[in-house]
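So the structure is just underneath, and the comments pick up after that.
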Amino acid sequence: MSYFGYGVGQCFSFGLVGSFILYFYTDILGISPIAASTIFLIARVWDAVNDPLIAGYMDTLESRFGKFRPYMLFTPFLIVLVTVASFYNIDADTSTKVMYAGITYILWGTLYTISDVPFWSMSAVMTDEPQERAKAATCAMLGVNAGIGATLVIFPKLSAYFADGRTDQGYLPAVLVLMLAGLLFMLNGFYNTRERVKTSGCEKVTLKQTFQAVRKNKPLFIILAAFFMNVFFNMVNGLYVFFFTYNLGDAGLVSLIGTITLVSAIACLATPMLTKRFRKRDIFIALCVLEIVARIGFYLSGYDNPTVVMVWLSVITAIFMMTNPLISAMIADTVEYSYYHSGKRTAAITFSGQTFTGKLSVAVAGGLTGIVLTMINYVPNAQQTETALNGLFFCIALLPALGALIRIFIMSRYTFTEDQHAILRDKLSRGEFAEGVRVESRPMKEVTS
1 MSYFGYGVGQ
11 CFSFGLVGSF
21 ILYFYTDILG
31 ISPIAASTIF
41 LIARVWDAVN
51 DPLIAGYMDT
61 LESRFGKFRP
71 YMLFTPFLIV
81 LVTVASFYNI
91 DADTSTKVMY
101 AGITYILWGT
111 LYTISDVPFW
121 SMSAVMTDEP
131 QERAKAATCA
141 MLGVNAGIGA
151 TLVIFPKLSA
161 YFADGRTDQG
171 YLPAVLVLML
181 AGLLFMLNGF
191 YNTRERVKTS
201 GCEKVTLKQT
211 FQAVRKNKPL
221 FIILAAFFMN
231 VFFNMVNGLY
241 VFFFTYNLGD
251 AGLVSLIGTI
261 TLVSAIACLA
271 TPMLTKRFRK
281 RDIFIALCVL
291 EIVARIGFYL
301 SGYDNPTVVM
311 VWLSVITAIF
321 MMTNPLISAM
331 IADTVEYSYY
341 HSGKRTAAIT
351 FSGQTFTGKL
361 SVAVAGGLTG
371 IVLTMINYVP
381 NAQQTETALN
391 GLFFCIALLP
401 ALGALIRIFI
411 MSRYTFTEDQ
421 HAILRDKLSR
431 GEFAEGVRVE
441 SRPMKEVTS
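Okay, so the sequence shown: first residue is 1 according to UniProt numbering, each after it adds one.
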């Protein structure tokens, strides 16, 4: 529950930035969609540099509190501060506003990495047993989905409550209240989680060695490529506020999406049960096929009936949610693959790939959203044309099916399944490594708290 709670609190911030920052930039702060897209692009170039460096540095250190838990103590305070700053509507000229938005957004992404990498890495050091890891990954993903879903439900109501007389439509006080609640969740997560998989007795890992280790982790890159295709779903998240405002005429329906996300997250509980009987890769592909079928049905149904729209979105969201714990569980398994082929256990930099890819997909989605809005002739705070309305519906309903199709192709090339992972775990338990790999000791030992 505490590990789940850290994900909830952290993703209050992720949900706010992922789903509301573009609207805040264009309709409240007053900068153009293209300027916002440029900020997202620059931020991701910076992430490409700093994310692996931060994670690699984490892998070289270990304190008496563990490798990852210390970061889960101080970063929550920084995440709260930078998230609130990101939604501050400064009174300045347009160029200054663009600069302020860029600085706060890039700073948010950097600090989020320092929090998110240790959070996900914990799933690899709380246990090394695959089925238990699947459960840990499921708890983490439930927390992520619950945090994002709760944000979509609570934030519109909070901002509406504080909106009276405020030029920022109540965004700033609503963000502050939500992030203070998130701080409590994250601090509880720090106090009640433990690291149990130790690497005591092995030589110190250098920053150069962490990059060499992850370079040999071929299964990881296949998983991350499939994970990046979440860009289509993330683009939909950014378009919901526009779709409900203009296509359905009720911006308040965004809160229903949050409810759908929260309820659909329960579908993640089926993941550990499914992984007992089927391979994670096969489950993932089957879910992508189901998503494509559901999206075609949604598009053919149209958006005239809001109830039908919500039913389709519930089905699609539940299917999509179930793929995320599979991604995290497979990434955790690749820690042993990297360890076997390099002799270095580098969980942080392995999970930094998930953090960076997740932020990259959100940013690319935000950038594409700005471009799409421009292409379909979207005009802020105005009656939209038929072209704009049809374009919004196409992006919401059918475009993500392309992402699911690409994910099927990518995951069909993934061969590091449960059988291969079991073989590697057995070899590592006997102190065996790939040919040419030398280690000073046999550090693969689990310490029960």
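Each residue gets a CB set at the ideal place from its N, CA and C atoms; glycine is no exception.
In this text, all values refer to a predicted model and were calculated from it rather than measured experimentally.
Check: Through-space distance from Glu336 to Thr26, alpha-carbon basis; Outcome: 45 Å
Check: Outcome for Gly403 when other beta-carbon atoms lying within 10 angstroms are tallied against a minimum of 16; Outcome: buried
Check: Alpha-carbon to alpha-carbon, Ile283 and Met99; Outcome: 44 Å
Check: Where the alpha helix (DSSP H) containing Val263 begins and where it ends; Outcome: 254 to 264
Check: Any non-hydrogen atom of the ligand ZN closer than 7 Å to Thr317 Cβ; Outcome: Among the components modelled here there is no ligand, and therefore nothing to report on the ligand ZN.
Check: Classification of Glu203 by the beta-carbon crowding that lies within 10 angstroms, buried from 16 upward; Outcome: Unreliable positioning characterises Glu203 in this predicted model, as indicated by a pLDDT of 46, which lies under 50. The coordinate reading is nonetheless provided below. Flag for Glu203 reads exposed.
Check: Closest by C-alpha distance to Ile148, when choosing among Arg295, Ser328, Cys395, Val17; Outcome: Val17
Check: Beta-bridge partners of Gly66, as assigned by DSSP; Outcome: Ser63
Check: Closer than 8 Å to chain D by CB, Val372; Outcome: Looking for chain D here will not work: only one protein chain is present.
Check: Local conformation of Glu446 per DSSP, three classes; Outcome: Note that Glu446 has pLDDT 44, beneath the 50 cutoff, so the model's placement of it is unreliable and the number below is only indicative. Reduced to three states, the DSSP call for Glu446 is strand.
Check: Cβ pair count under 8 Å reaching 3, the region 220 to 238 against the region 318 to 333; Outcome: yes
Check: Whole-angstrom distance between Arg430 and Ala43, CA atom to CA atom; Outcome: 44 Å
Check: Status (buried if at least 16 other CB within 10 Å, exposed otherwise) for Ile319; Outcome: buried
Check: Endpoints, the alpha helix (DSSP H) within which Leu22 is located; Outcome: 2 to 23
Check: Arg430, enclosing alpha helix (DSSP H) - first and last residue; Outcome: From DSSP, Arg430 is part of no alpha helix (DSSP H); its letter is neither H nor E.
Check: C-beta atoms of Ile114 and Ile21 nearer than 8 Å; Outcome: no
Check: Residue environment, Asp426, which counts as buried when at least 16 other CB atoms sit within 10 Å; Outcome: exposed
Check: Contacts around Leu287, its chain only, beta-carbon distance under 7 Å, and the 5 residues preceding and following it disregarded; Outcome: Ile319, Met322, Thr323
Check: For Gly358 and Val372, the rounded distance between their alpha carbons; Outcome: 21 Å
Check: Start-end ranges of the alpha helix (DSSP H) lying completely within the region 213 to 238, minimum 4 residues; Outcome: 218 to 228
Check: Pair within 8 Å by beta-carbon distance, Met310 and Leu256; Outcome: yes
Check: Neighbourhood of Ala267 by C-beta, 7 Å cutoff - its chain only, sequence neighbours within 5 removed; Outcome: Ala318, Met321, Met322
Check: Segment contact flag, the region 227 to 245 with the region 349 to 364, C-beta cutoff 8 Å, min 3 pairs; Outcome: yes
Check: Under 8 Å between C-beta atoms of Gly9 and Gly182; Outcome: yes
Check: Close-in-space but distant-in-sequence residues of the same chain around Trp46 (CB under 6 Å, 5 per side omitted); Outcome: Ile106
Check: Candidates Leu220, Phe298, Ala134, of which the one nearest Arg277 by Cα; Outcome: Ala134
Check: Enclosing alpha helix (DSSP H) for Met411 [first to last residue]; Outcome: 399 to 411
Check: Coil, strand or helix - Val309 by DSSP; Outcome: helix
Check: Where Val335 sits in the DSSP three-state scheme; Outcome: helix
Check: Cutoff 8 Å; reference Phe190; Cβ partners in own chain excluding five residues on either side; Outcome: Tyr6, Arg69, Met72, Leu73, Pro76
Check: Burial state of Ser449, where buried means 16 or more other Cβ atoms lie within 10 Å; Outcome: At Ser449 the pLDDT is 38, less than 50, meaning the model places this residue with poor confidence; the figure from the coordinates comes in the next sentence. When all chains shown are included, Ser449 counts as exposed.
Check: Span of the alpha helix (DSSP H) around Phe298; Outcome: 280 to 301
Check: Range covered by the alpha helix (DSSP H) that runs through Pro130; Outcome: 130 to 162
Check: Beta carbon of Ala137 nearer than 8 Å to that of Ser123; Outcome: yes
Check: Close-in-space but distant-in-sequence residues of the same chain around Phe298 (CB under 7 Å, 5 per side omitted); Outcome: Trp312, Ile316, Ala397
Check: Whether Val82 touches Thr104 by CB criterion (8 Å); Outcome: yes
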